[in-house]
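> Numbering (the working numbering), first residue to last: 947 to 1828. Don't be surprised by glycine CBs; every beta carbon is placed ideally from N, CA and C.
1) Secondary structure at residue 1421, three-state DSSP: helix, strand or coil?
2) Just the Cα atoms here: how many angstroms apart are residue 1352 and residue 1036?
3) Work out the CA separation of residue 1386 and residue 1409 for me, nearest whole Å.
4) Can you give the beta carbon distance from residue 1518 to residue 1389, rounded, assuming they're within the 8 Å contact cut?
5) Report yes if the C-beta distance between residue 1819 and residue 1568 is below 8 Å; otherwise report no.
6) Please go through the same chain and pick out, in chain order, the residues whose beta-carbon is closer than 8 Å to the beta-carbon of residue 1320, but skip the five residues on each side of it.
7) Express the C-alpha separation of residue 1403 and residue 1587 in angstroms, rounding to a whole number.
8) Taking the continuous beta strand (DSSP E) assigned at residue 1388, which residues delimit it?
9) So, using beta-carbon positions, are residue 1086 and residue 1216 closer together than 8 Å?
10) DSSP three-state label for residue 1544, please.
11) Does the beta-carbon of residue 1681 have 16 or more other beta-carbons within 10 angstroms, so that it is buried, or is it exposed?
12) Just reading off the beta strand (DSSP E) that residue 1372 is part of, what are its end residues?
13) Is residue 1733 helix, strand or coil when you go by DSSP?
14) Is it right to say residue 1514 is buried, meaning 16 or more other beta carbons lie within 10 angstroms of its own, or is it exposed?
15) Using DSSP with H/G/I as helix, E/B as strand and the rest coil, what is residue 1742?
16) According to DSSP, what are the bridge partners of residue 1812?
17) Who are the Cβ neighbours of residue 1485 in its own chain at under 6 Å, not counting the five residues just before and after it?
18) Does the Cβ of residue 1560 have 16 or more other Cβ atoms within 10 Å, making it buried, or fewer, making it exposed?
19) Let me know if residue 1777 comes out buried or exposed under the rule of 16 or more other beta-carbons within 10 Å of its beta-carbon.
20) Please determine, among 1165, 1160, 1079, the residue with the shortest C-alpha to C-alpha distance to residue 1117.
21) Would you check if the segment 1093-1100 and the segment 1066-1076 touch, i.e. whether three or more CB-CB distances between them fall below 8 Å?
22) Beta carbon of residue 1688, beta carbon of residue 1206: below 8 Å?
23) Nearest-angstrom Cα distance between residue 1711 and residue 1232?
24) Going along the chain, which residues of its own chain have a beta-carbon closer than 8 Å to the beta-carbon of residue 1413, five neighbours each way excluded?
25) State the CB to CB distance for the pair residue 1504 and residue 1474, rounded to an integer number of angstroms; the pair is presumed to be in contact (CB under 8 Å).
26) Would you call residue 1460 buried or exposed, if buried means 16 or more other Cβ atoms sit within 10 Å of its Cβ?
27) For residue 1150 versus residue 1786, is the C-beta distance shorter than 8 Å?
28) If I follow the unbroken alpha helix (DSSP H) through residue 1846, where does it start and stop?
29) Report yes if the CB atom of residue 1439 is closer than 8 Å to the CB atom of residue 1520, and no otherwise.
30) Around the C-beta of residue 1213, are 16 or more other C-beta atoms found within 10 angstroms, so that it is buried, or is it exposed?
31) Please name the residue or residues paired with residue 1439 in a DSSP beta bridge.
32) Should residue 1555 and residue 1397 be called a contact, given that it needs their Cβ atoms to be closer than 8 Å?
33) In chain order, what residues of the same chain lie with their CB nearer than 7 Å to the CB of residue 1789, ignoring the 5 residues before and after it?
34) Among residues of its own chain, excluding the 5 on either side of residue 1187, which ones have a beta-carbon nearer than 6 Å to its beta-carbon?
35) Are residue 1332 and residue 1177 closer than 8 Å when you measure CB to CB?
36) Taking the alpha carbon of residue 1172 as the reference point, which residue from 1126, 1049, 1254, 1302 has its own alpha carbon closest?
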């Protein structure tokens, strides 16, 4: 039996048509695809020339969505869906499916990673030769220039290879995220009503916004991990040749220690992420419930209890995030101090064993240790962290996917015959149904419905009429008996109509092809022509607010009925569609839609209603009582006459038709989300770092700790140069140089631990303050805000944006701050040792500022456009599940 309703079929089967139409109207062809197929592809790809138009446009003016070009075919969601649809998600884990399907996409990244490794190793080797040539006065000047050119070329190759590897791995990660999102969305559409107790909107949104993003982060860093291991092994042999195997081995002992620590941290990250995910699910679900029931909350003045509830959920979530941040802080400390620790272990052991330390063998080692820092103190910790988080995300996705498949299999009502002539017929033989497997709601149902008949379903409130239709649709569990619908297709009009934020027409078409004649017939049959005339010049292209907020109850019911009628199905299930309209309008709808002369006259119709006067034409009437069919019969004439409408009643419909339509506002109630073109507001960052309880004094203390940590790190490097200079003069120098160097590194280690932990404490205080401000703004604003802003836009702030502030922003901002401090410290030492370099720095800073300014203007706008275009997706996901 074809279980999907007409709505679900339209959402799944006709998606390709809408995408093609959307792309033709809105987007230019993909420049990346053009660059990859061009004869000059190597130039376009290596030098990123295909990005020039969007960067220039963003620099000159504010970007809009139409400025973006189309995605390459290989990156389109429909292409990704085709790659994953062939897998059996009920028996295979998402981890195995993703690894099998997308690992081959990383082949080019692995090859580029090898080039990156070779460039790093070449830099160390050439730098070593360059220093030797400087110390050797007999070296030819041409050889000296040759080493400089080779060093410059290796640096350029390293930069180009790194950016290409990051871009390609990020592209694969985005493919994985988008593929998982569409799979989760389709599963959410296919969920039976019996699954609602085991999942909710908050969990589904968290899966889409957060868990799938963990896969993107993992695969973005996966290729760099492999390259890091290869580079570390090759560097070991090179360093042994430069100085001696024993000191190098003493330094390399730290690498397995780092790995063991990261393995322990990986387990902790997974445990913390599991707790955080559960807390986030609850918080997002609370936001969703509040948005969905904001009218009730406002009416009963429940803002304060709702605030206390969400604040408590946020408190539990933040506790888990703070605990996770301690491990992240140690990871960053390990990265900042790893070069000094490797230097101390190697140079200290060389000094103890009596191996000579010179500039020629020390500086190349420091360069190699800087590369190893990126490998074992950055790539490896990040890979372990993202691996553990992605494994947990896979577990959560699998639980959702397996729940869905199991429910569908256990409650399946498969057809017994494929005879095309019987389409539109329904046969039930001793069928028992339940919402839960242990409690039956409908029992001992025996029914035979012929093709093209009108079947009325009546009974008292709570007798199971809506459940009866759900059972036919396959939404309930079939625990006994048999159901046969002969592969019939269904169109379902729910008792509570589903209205989403889009145009009046799209709410009826639901992504199906536009047939003007059919559309006009449906509009007329459902009495919507009068409503369209009142919508002004926009007509049926007027945007309907979120959840139909600018429609009356009767209008919502008629839009839902029109959607069901527009689809061509074998069986139409109509759940009390006439109860929300007055009697005269109901008569008109019945005659034009359901009756013997209506649009559905040759279709099988199951009509649930309490207005039995409409059932005198019914071919069959089912009387339900306590979940059982009490009897099947036609209504007697006396019962029908008692319920006939009062002929003297004023025709509301006629009055509506005769009234002159009032002037109306053509503007949509839903406001468009805009992208602001100004720079980031620095006051926002000030509020982020000065939130209570730390305040401005806590921010000042953070600055002091950051500066002290950098002073200790730069001081250790400077003291190492003094140590080497002294060892060149006097080989029997005092061990105080070693002790001071050791003390500076220990001080740097302590300061790095303090500043990273305190930094996370400060910024999470600010993150929580921003969340609470957003929450209060939502709770105590007017209802107009919820009517003019779709729910997905609000949930986007509460889910994805809040996740970015909690977990992504702290890491990225700390990296930027420390990189700035390291650069400033290095320049200070260089200027101190060579004051003439000061005259070159202004030119360098001007060029750097221009490049950053040129890039950031477009990048900032693109990120805002990404957030804007993401909001409608969340809106649609929420309302599809509700």
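On the basis of the data shown:
1) The residue given as residue 1421 occupies position 475 in the chain shown. Reduced to three states, the DSSP call for residue 1421 is coil.
2) Here residue 1352 refers to the residue found at position 406 of the chain shown. Here residue 1036 refers to the residue found at position 90 of the chain shown. Model confidence at residue 1352 stands at a pLDDT of 39, short of 50, so the residue's coordinates are unreliable and nothing is read from them.
3) Mapped onto the chain shown, residue 1409 falls at position 463. Mapped onto the chain shown, residue 1386 falls at position 440. Their backbone Cα atoms lie some 13 Å apart in a straight line.
4) On the chain shown, residue 1518 is found 572 positions in, with the first residue counted as 1. On the chain shown, residue 1389 is found 443 positions in, with the first residue counted as 1. Wrong, their Cβ atoms sit about 26 Å apart, outside the cutoff.
5) Counted from its first residue, the chain shown places residue 1819 at position 873. Counted from its first residue, the chain shown places residue 1568 at position 622. The answer is no: Cβ separation not under 8 Å.
6) As a first step, residue 1320 is located in the chain shown; it is residue number 374 there, counting from the start. So the list reads 1174, once near-sequence residues are dropped.
7) Here residue 1587 refers to the residue found at position 641 when the chain shown is read from its first residue. Here residue 1403 refers to the residue found at position 457 when the chain shown is read from its first residue. Residue placement at residue 1587 is poorly supported in this model, since its pLDDT is 46, which falls under 50; the coordinates are not used for a value here.
8) Counting from 1 along the chain shown, the entry for residue 1388 is found at position 442. Taken as a continuous stretch (DSSP letters only), the beta strand (DSSP E) holding residue 1388 covers 1388-1395.
9) Your numbering for residue 1086 matches position 140 in the chain shown. Your numbering for residue 1216 matches position 270 in the chain shown. Their beta carbons are not under 8 Å apart, which means residue 1086 does not touch residue 1216 by this criterion.
10) As a first step, residue 1544 is located in the chain shown; it is residue number 598 there, counting from the start. Coil at residue 1544, not helix or strand.
11) Taking the chain shown and counting its residues from 1, the one referred to as residue 1681 is at position 735. That one is exposed.
12) As a first step, residue 1372 is located in the chain shown; it is residue number 426 there, counting from the start. 1372-1380 is the span of the beta strand (DSSP E), which, as asked, contains residue 1372.
13) For the purposes of this step, residue 1733 is taken as residue 787 along the chain shown, with counting starting at 1. Helix at residue 1733.
14) Counting from 1 along the chain shown, the entry for residue 1514 is found at position 568. Flag for residue 1514 reads exposed.
15) For this step, residue 1742 is matched to residue 796 along the chain shown. In this structure, residue 1742 counts as helix in the three-state DSSP scheme.
16) The residue you call residue 1812 lines up with position 866 of the chain shown. Answer by DSSP bridge pairing: none, since residue 1812 is not bridged.
17) Locating residue 1485 in the chain shown gives position 539, counting from the first residue. Cβ neighbours of residue 1485 beyond the five flanking positions: 1478.
18) Taking the first residue of the chain shown as position 1, residue 1560 is located at position 614. Buried, by the Cβ-count rule.
19) For the purposes of this step, residue 1777 is taken as the residue at position 831 of the chain shown. The residue is exposed, with fewer than 16 neighbouring Cβ atoms inside 10 Å.
20) Sequence index remark: in the chain shown, residue 1117 carries index 171 (1-based). Minimum Cα distance to residue 1117 is reached at 1165.
21) yes
22) Walking along the chain shown from the start, residue 1688 turns up at place 742. Walking along the chain shown from the start, residue 1206 turns up at place 260. Not in contact: residue 1688 and residue 1206 (Cβ atoms no closer than 8 Å).
23) Numbered from 1 along the chain shown, position 765 holds the residue referred to as residue 1711. Numbered from 1 along the chain shown, position 286 holds the residue referred to as residue 1232. Going from the Cα of residue 1711 to the Cα of residue 1232 covers about 22 Å.
24) Position 467 of the chain shown, counted from the first residue, corresponds to residue 1413. If we look at residue 1413 and ignore the five residues flanking it on each side, its Cβ neighbours are 1379, 1381, 1387, 1388, 1422, 1573.
25) Residue mapping note: residue 1504 aligns to position 558 of the chain shown, counting from 1. Residue mapping note: residue 1474 aligns to position 528 of the chain shown, counting from 1. Yes, they are in contact, since the Cβ atoms of residue 1504 and residue 1474 sit about 6 Å apart, within 8 Å.
26) As a working note, residue 1460 is residue 514 in the chain shown. With fewer than 16 other Cβ atoms within 10 Å, it is exposed.
27) Here residue 1150 is taken as the residue at index 204 of the chain shown, counted from 1. Here residue 1786 is taken as the residue at index 840 of the chain shown, counted from 1. No. Outside cutoff.
28) Since the displayed the chain opens at 947 and closes at 1828, residue 1846 lies outside it and no answer follows.
29) On the chain shown, position 493 is the one that residue 1439 refers to. On the chain shown, position 574 is the one that residue 1520 refers to. Against a cut-off of 8 Å, the Cβ pair of residue 1520 and residue 1439 comes out as a contact.
30) As a working mapping, residue 1213 is identified with position 267 in the chain shown. Exposed, because fewer than 16 other Cβ atoms sit within 10 Å of the Cβ of residue 1213.
31) Against the chain shown, residue 1439 aligns to sequence position 493. In DSSP, residue 1439 forms a bridge with 1520.
32) What you label residue 1555 is simply residue 609 of the chain shown in a count that begins at 1. What you label residue 1397 is simply residue 451 of the chain shown in a count that begins at 1. Contact flag unset, no.
33) In the chain shown, counting from the first residue as 1, residue 1789 sits at position 843. So no residue of the chain qualifies.
34) One-based indexing of the chain shown puts residue 1187 at position 241. Here the set comprises nothing.
35) The residue labelled residue 1332 in the question sits at position 386 within the chain shown. The residue labelled residue 1177 in the question sits at position 231 within the chain shown. No; because the gap between Cβ atoms is not below 8 Å, this pair is not in contact.
36) For the purposes of this step, residue 1172 is taken as residue 226 along the chain shown, with counting starting at 1. The shortest C-alpha separation from residue 1172 is found at 1049.
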